[in-house]
Amino acid sequence: MRKVLFVPFLIAALLTSGCAPKTPQSAIEVVELPSADSPLIAVELMFRVGSIHDPAGKEGLAALTGLMLGQAGTAQKTYKEIIDALYPMASSFEVGTSREVTVLRGEVHRERLDEYTALLEEVVLEPGFSEDDFRRNKEELEAYLTNTLRAASDELLGLEAIQDVIFAGHPYGHAPQGTVQGLASITLDDVREFHRQHYTQVNLMLGVAGGYSPSWLEGLEERLASLPEGTPSTLELPPPPTVEGREFTLIDKPTDSVGIHFGYPLPITRADADYYPLMIANSFLGEHRTFHGRLMQQLRGERGLNYGDYSYIEHWPNPPFTSTPNPAVPRRQQYFSVWIRPVVPSTAHFALRAALHEVDRLANEGMTQEEFEITREFLRNYSKLWAQSLATRLGFLMDSRFYGMEYYIDEIDRHMAEVTLEQVNAAARRYLSADAFRAVFVTADAEQVAAALRADEPSPMEYNAPPSEEVLAADETIEARLVEPSSVSVVPVAEMFEN
Amino acid sequence: MPHRTIPALAAALALCLVSAVRGADIFPYEVHETKLENGLKVVVIPFDSPGIVAYHTIVRTGSRDEVEAGHSGFAHFFEHMMFRGTERYSEDDYNDALKRMGADSNAFTSDDRTQYYIVGPSRELETMMDIESDRFRNLEYGEDVFRREALAVLGEYNKNISNPFLPMYERMRELAFDRHTYRHTTMGYLADIRAMPGYYDYSLSFFDRFYRPENCVLLIVGDAEPEATFEMAARYYGEWQPGYEAPSIEAETPQVEPEEATIEWPGPIRPHLMIGYHAPAFSDTTTATAGLDLLGQLLFSESADLYQKLVVEEQWVDFVNGSYSDHRDPYLFTIYTRVKSEENVPKVLQAIEEHIAAAQAEPVDADRLERIKSHMRYQFALGLDSAASVAFTLSGYLSMTGDPESVNRVYAQYQAVTAADIQRIAGEVFQPERRTLVRLIHPTTGAAGGS
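Residue numbers (the working numbering), protein chains in the order written: chain A, 3 to 501; chain B, 20 to 470.
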């Protein structure tokens, strides 16, 4: 096995043991974060198989296979028996499939570690693949597409749709949950075969954190080594789609407001040096769920357009309300995006123009020395809050292994110490653009919105309270900004995620 | 300035979690508490989070306090206004201070509280105390800013209303409550939100009446030294003048007949059901709250027979949950489910009624009860994994009673609850005439997609 015993300097004080267990022979990559005094143990199994491995026409197969481990019975136990066994210890197997990986993870109090471990091994090594579990899990995925995304959350709909649009025609181009038609075509035999092919030692990264003993880990790894060794499920990704012009997809559904997203693929990830200066520029532009991003200040604070406005240089994997990023959703290709939370329809055109204006302004004018220093200091401190619990520290550590880099949270600190204003402004100029993007609107009356976009007429604002002179002056530029859409298409919501 | 320290169970913080599962008191950390002369309670909990502190201000005012007609949603709106600056620290200054320290900071409002939090570097504790005490004492904003912020609240309503939960919840409360302010949601009615820009003067009086030290609790968890923190709190908050005016909230009259309503959803969607039964107020001195929580587990946890039947065996629903959430006044035990097809709705309702009837007819067996109690204890222990999570956990109890000991008292009640208690509470709460049922359907297509 390839084993990493890891002591990030930020959390070194928490660790009391640095002894690596005896190394049994396996092809499993093991990542350790021991903390001998902790009464909790976090376990994460990251399989290098995600929705990019879904066969064409069977979109959703990776996610469904994941659920057939994490939310299903085994060869010996029904799903109810698994739940009943986990219930008194208040533990669970949380399973999630993203574009690149499927993660099965959980936490347990060390008093119940042996019972939990036995269940975990049984779930991973002896899945039951029953028809009843298959039907339930398949319907869960389908209902997520048809009843949650299409019907019950305009924001989740927009957040998924912008990815599908940016990466159309690419392995990243469908939701990890699949498509309605893809799911319909999946059989239980497909799941069995997918499992046989991908749930192997070489595809597995095993992470453990907390108050476990070396012998416990040794036993766990030894038993997981009964998975077939396999061959890596490495899939060479094609380059992301080239985005030229300004392409709009309007999702038509009955709703009272308009949610807006736009973005394009980025050629860098957190494993690249350029990511860190860009991280500062992006944080200044629109750090998620903070009040100090420029988009937030200009669109919400100065103009009262909506509830929130943010920008991203990585996929945002969390529910909208969470403030800091979660680990366990690593990707080899990322994208830049702006998220304008729902606005009233009469201001949608202006809100889009205002956000484009701010992206342009940052790319062209850059940040001042003071803005740079405050934002850099912010990120150095803020990023330390992302990994407060055992499970999140372990998750970020395993993600770092995925990216082939040192511990991400430490890397942020290291890069922030060295980065210069010139690098930040150069990164903003190079990677931020309002000229070429793909946009998603979640809106009612999409044909009317499409006509307005195509007409590209000025969209003056009407305020309920007079804004500052400075804002009014900027509005004159913003309201007349030409968007010049290169394409505008309308998609009824019922057709989203269909195939 | 008197203060008391609740003794710890063990010296080593991490090891305390073990005693959380086996010991007498569930809360495993030292709680240091004091009350300033103006009535502000300050609670400090040292926690092993080197360099990090969670700083919460709990205002024991929420939408429950919105007693004046036409002002639903105002407590939440006021939460927004609290970020609009003072004479000393403008909104930009406040945001800059938080940004410099790299804080995770925000606020939320519920029926019973409005809570403001900062998680950030412990070396910045004094800055946190400076900017927080300043805005709680000296908030100042103009009418233009006020009117603009009302639009952000409208934006928040618009983002929430695309989820069926909010309209169902609005309707449920309207039907279940006639007098008490729990009749409206914390978000408030759309009409009231649209009228908010006209209530500038009212907002000033809202601050004056409710944002007072004796109505607030300061909770600091993490890398903080209690005595020094108390001294700092006295310096920064000591001049804050008391003057809290408790609102006069009408008591609810008992519901005497079942209520029912149907909401038509504009797009295709599977039927949703929400059921509410009137339930008693939070109590840490009786088995009422603890018994309801255990009843929720008995009937609606993943290992419950009802959950297994509906989700796993028959597969009639996508999800089902049911629980009591702590409230200062009598509230509701709420059940929520999404049914896979319209023809399964009667069967689902019948199954829920049958399992409730079974809980009323027979005491839960001893082994099952012990498994539920075990679940509750381990769930608590697993949830205390950071300063932020410890603060959030304890703040819920502080908002109910203002007393950090409540958490230990409630968990002691969990241990004390008997099978007979749960059976009795099931009988008292799940009465047909005290039930409200709200359905959400799409009238033309019934279910959306799938079986």
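The C-beta atom is built at its ideal place from N, Cα and C for all residues, glycine as well.
- Taking every protein chain shown into account, the CB of G171 (chain A) has fewer than 16 other CB atoms within 10 angstroms, so this residue is exposed.
- Within its own chain, the residues whose Cβ lies closer than 7 angstroms to the Cβ of M91 (chain A), once the five positions on either side in sequence are excluded, are V110, H111, R114, E117 and Y118, listed in chain order.
- In the structure shown, the three-state DSSP call for K60 (chain B) is strand.
- The bridge partners DSSP lists for W341 (chain A) are A:H263 and A:Y312.
- Exclusion of the five residues before and after G295 (chain A) leaves S285, F286, L287, G288, E289, D311, Y312 and S313 as the residues of its chain whose Cβ lies within less than 8 angstroms of its Cβ.
- Interface residue (Cβ-Cβ distance to chain B less than 8 angstroms): E142 (chain A) is classified as such.
- Residues of the region 77 to 97 of chain A that bring their beta carbon within less than 7 angstroms of a beta carbon in chain B comprise Y81, K82, I85, D86, Y89, P90, M91 and A92, in sequence order.
- Its Cα nearest to that of P321 (chain A), the residue A:L161 stands out among A:Y146, A:L161 and A:F404.
- Per DSSP, I30 (chain A) is not a residue of any alpha helix (DSSP H), being assigned neither H nor E.
- At least 8 angstroms separates the beta-carbon of A356 (chain A) from that of N308 (chain A).
- In the structure shown, the three-state DSSP call for K140 (chain A) is helix.
- By the Cβ-count criterion, L474 (chain A) is exposed, with fewer than 16 other Cβ atoms from all chains shown falling within 10 Å of its own Cβ.
- Residues of chain A whose Cβ lies closer than 9 angstroms to the Cβ of P183 (chain B) are, in chain order, A153 and A154.
- Excluding its 5 nearest sequence neighbours in each direction, M147 (chain B) has C-beta neighbours in its own chain below 6 angstroms: Y74 and I137, listed in chain order.
- When DSSP reads this structure, M418 (chain A) sits in no beta bridge, so it has no partner.
- DSSP, reduced to helix, strand and coil, places V451 (chain A) within a helical segment of the structure shown.
- With contacts defined by Cβ atoms closer than 8 angstroms, G207 (chain B) and G92 (chain B) form a contacting pair.
- With contacts defined as CB atoms closer than 8 angstroms, C235 (chain B) and T128 (chain B) fail to qualify as a contacting pair.
- The beta-carbon separation of F165 (chain B) and V426 (chain B), rounded to 37 angstroms, does not stay under the 8 angstroms limit for a contact.
- According to the DSSP assignment, L238 (chain B) belongs to the beta strand (DSSP E) that extends over C235 to G241.
- Closest by C-alpha distance to H359 (chain A), out of A:F136, A:R440, A:A476 and A:L229, is A:A476.
- Residues of chain A with a Cβ closer than 7 angstroms to the Cβ of E168 (chain B) are, in chain order, G306.
- Three or more beta-carbon pairs separated by less than 8 angstroms are not found between the region 176 to 188 of chain B and the region 143 to 157 of chain B, which leaves the two stretches without contact.
- In the three-state DSSP reduction, G212 (chain A) falls in the strand class (E or B).
- Runs of the alpha helix (DSSP H) lying entirely within the region 386 to 433 of chain A, each at least 4 residues long, are 392 to 405, 410 to 420 and 423 to 433 in chain order.
- Out of B:I71, B:V364 and B:A410, the CA that lies nearest to the CA of L459 (chain B) is found in B:V364.
- Counted as a single uninterrupted DSSP element, the alpha helix (DSSP H) harbouring D116 (chain A) occupies residues L115 to L127.
- Scanning chain B for C-beta atoms nearer than 8 angstroms to the C-beta of H294 (chain A) yields N114, D115, L117 and K118, reported in chain order.
- For H111 (chain A), the beta-bridge partners assigned by DSSP are A:L42.
- Residue environment for F155 (chain B): buried (at least 16 other C-beta atoms within 10 angstroms of its C-beta).
- For I376 (chain A), the secondary structure class from DSSP, reduced to helix, strand or coil, is helix.
- Here E372 (chain A) is exposed. Its C-beta has fewer than 16 other C-beta atoms within 10 Å.
- Against L401 (chain B), the close residues of chain A are L42, A92, E109 and H111, in the order they occur along the chain (beta-carbon pairs closer than 7 angstroms).
- Of the candidates B:M251, B:A171, B:E264 and B:E361, B:A171 places its Cα closest to the Cα of Y465 (chain A).
- When 7 angstroms is used as the limit between beta carbons, Y309 (chain A) is near these residues of chain B: A171, G174, E175 and K178, in chain order.
- Its Cα nearest to that of E471 (chain A), the residue A:E304 stands out among A:A389, A:P240, A:E304 and A:A429.
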